[in-house]
Amino acid sequence: MKKIDPSDEKALDAVRFMRQARDKISSDIANLSKEQIVEYFKKNIPKERIIPKHTSVTA
């Protein structure tokens, strides 16, 4: 079994964060209809992007 390098802690935190976010969304939408799920995501779109938009590369 491969040992985890302590310097990789940030990567592990990112994975944990994403799993928690996914689990919360899953529980929030578990009993919703298709239309309600679409509305949920329309209302919960972040105001600002976490990752900046890619700029197009022109040659």
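Each step along the sequence shown adds one to the number in this note's numbering, with nothing skipped, and position 3 is 334. Built from N, CA and C at the ideal position, the CB exists for glycine as well.
Pairwise C-alpha distance: residue 366 and residue 349: Using only the alpha carbons, I get a separation of about 25 Å.
Between the CA atoms of residue 371 and residue 351 - distance to the nearest angstrom: Linking residue 351 to residue 371 through their CA atoms gives a straight-line distance of about 18 Å.
Do the CB positions of residue 376 and residue 368 come within less than 7 Å of each other? Residue 376 places its beta carbon 7 Å or farther from that of residue 368.
At the level of alpha carbons, what is the spacing between residue 358 and residue 379? Roughly 24 Å separates the two Cα atoms.
What is the rounded straight-line gap between the Cα of residue 356 and the Cα of residue 334? Residue 356 and residue 334: Cα-Cα distance of roughly 31 Å.
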